[in-house]
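Residues in the sequence shown are numbered consecutively from 587, following the numbering used here. Virtual Cβ for every residue (Gly too), placed ideally from N, Cα, C. Here the structure comes first, spelled out in structure tokens, and everything after it is commentary.
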Amino acid sequence: MNAKETLQQFVPIIDAKLKEYWESELALGFGYNQKQMDLVRKMVEHASEHSLRSSKRLRGAFTYYGYLLGKPVDDRIWKAAIGVELVHTALLMHDDMMDQDDVRRGKPTTHKYFEDGDRHYGDSMAVDVGDAVLEIGQELLLSAEFEDKLVRRATLKMLRGITNTAWGQAYDVTLEKILEKCTEDDVITVHRAKTAIYTYENPLHIGAMLAGLGEDTLKILTDYSMDGGVAFQLQDDILGVFGDPEKTGKSANSDLLQGKVTLLILRTLKDGTPKQIEALKKVWGKRSAKQTDIDGAKQAIIDSRSLQYSGNISRSYAQKAADIAEKLRSLNLNSEAIDFIQGVALYMVNRDV
């Protein structure tokens, strides 16, 4: 079974576990008067709906297979897996608010859902709901019924990963202010500091740590994650401009209009003709740009060969990650888990969602 098919099997399992959790949270409730209880219920219902939107469930699957590397899987791993998924949900809520994106997975982002004509209120609620979901993710990992020392180790890894992702996010938003000074290394650094950590390394390490695996395994998983995460995000950046919104669940214009610094942008500015550069600058960071101008900017990215370049670099990192994953076989670990980890590296640069 290939990585894509395996992930497709995970979706209904993780979705069912998430739904079960949110039902228990709704039953628990919170509030000191009816108005507060109603508000909290609305927040929880939105968090539930948001986390259950169409998703690859890669992070939960990585947690599962990180554990399977060292131990036969049992039901205890699911709390950790959905905890990791909810950390991702929380980070998306915050990220969408910072980017002022309107759509996530085909539906309103959290700040848009709560905005109701008041942007400050919508942003405030996105921060608050995101914070709550972030803590729930950590709580789920802490309540996983493994040995205390294993849970402590995995939780510390999760917390440090969240902290490092915050440093990466700060660098990402800062690059948008200093485009003229940005280099390809800056883009790769952001991808390692964000996607490689919270999508690859954190889930894999958490699973492996709960299985009691040692530093030799974790080192290979880190090296794999740093290259696999870059490959994943470079492909994500391509889909952010050239993807089908019906499949990706987000606008194919928002990255350009927001002024996101990607390899596509930097290479067009470096290799493009004056006319191509002018076409790109006409829409980059300009939210009110016309669709005809947006189409012109996308054509400039293609004609400058920046799209081709970004795809080649993404595939190069993916192959490096797959080669690194091969080293896991020398440690006498579970071959099914290794096959999945290796397969993901190559699948993620050929996906259209």
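Integer Cβ distance of residue i from residue j, believed to fall under 8 Å
i: L948; j: K872; result: Examination of residue 948 is not possible in this model, given that the chain is present from 587 through 939 alone.
i: L672; j: I722; result: 6 Å
i: L820; j: Y903; result: 7 Å
i: N956; j: I888; result: The structure shown does not extend to residue 956, since the chain is modelled only from 587 through 939, so no value can be given for it.
CA nearest to the CA of residue i, picked from the options
i: G615; options: L745, K913, E631 and K605; result: E631
i: M812; options: S837, D688, T775 and Q724; result: T775
i: R645; options: L852, E635, S874 and I663; result: I663
i: K856; options: K780, Y757, N619 and L893; result: L893
i: L919; options: T803, N898, V935 and D830; result: T803
i: H680; options: Q620, T695 and V773; result: T695
i: L638; options: A602, R627 and Q620; result: A602
i: K846; options: I764, G617 and Y618; result: I764
i: D682; options: T859, V759 and A904; result: V759
i: T854; options: A886, G829, S874 and N839; result: A886
i: R739; options: Q686, V773, M795 and C768; result: M795
i: H636; options: I924, N619 and L677; result: L677
i: G669; options: G617, D771, I748 and G829; result: I748
Local conformation of residue i per DSSP, three classes
i: P694; result: strand
i: V737; result: helix
i: V935; result: coil
i: V689; result: strand
i: W870; result: coil
i: G656; result: coil
i: H769; result: Before going further, note that residue 769 is Thr rather than His in the sequence given. It is coil, neither helix nor strand.
i: G835; result: coil
i: R662; result: coil
i: N588; result: coil
i: E830; result: In the sequence as presented, Glu is not what sits at residue 830; that position holds Asp. Three-state result, D830: coil.
i: A875; result: coil
i: F596; result: helix
i: A667; result: helix
i: F616; result: coil
i: R915; result: helix
i: T760; result: helix
i: A797; result: coil
i: L807; result: helix
Check: residue i C-beta below 6 Å from any heavy atom of the ligand ATP
i: F648; result: In the structure shown, the ligand ATP is absent, as is every other ligand, since no ligand is present at all.
6 Å Cβ shell around residue i - same chain, five flanking residues per side excluded
i: F700; result: G708 and M711
i: T751; result: K780, I783 and Y784
i: N936; result: none
i: A908; result: Q928, A931 and L932
i: H674; result: R645
i: G814; result: Y786, A907 and A931
Other residues of its chain near residue i: CB distance less than 8 Å, five sequence neighbours each side excluded
i: I806; result: I910, A911, K913, L914 and L917
i: M629; result: M711, D714, V715 and A718
i: D823; result: D841, K846, T848, L849, L850 and S896
Same chain only: Cβ atoms within 7 Å of residue i, ignoring 5 sequence neighbours per side
i: K698; result: D688 and G708
i: E541; result: Limits of the chain in this structure are 587 at one end and 939 at the other, which puts residue 541 out of reach.
Report task. Determine contact between the stretch 834-841 and the stretch 686-701, defined as no fewer than three beta-carbon pairs at a distance below 8 Å. Result -> yes
Query - the stretch 786-804 in contact with the stretch 738-748 per 3-pair CB rule at 8 Å - result: yes
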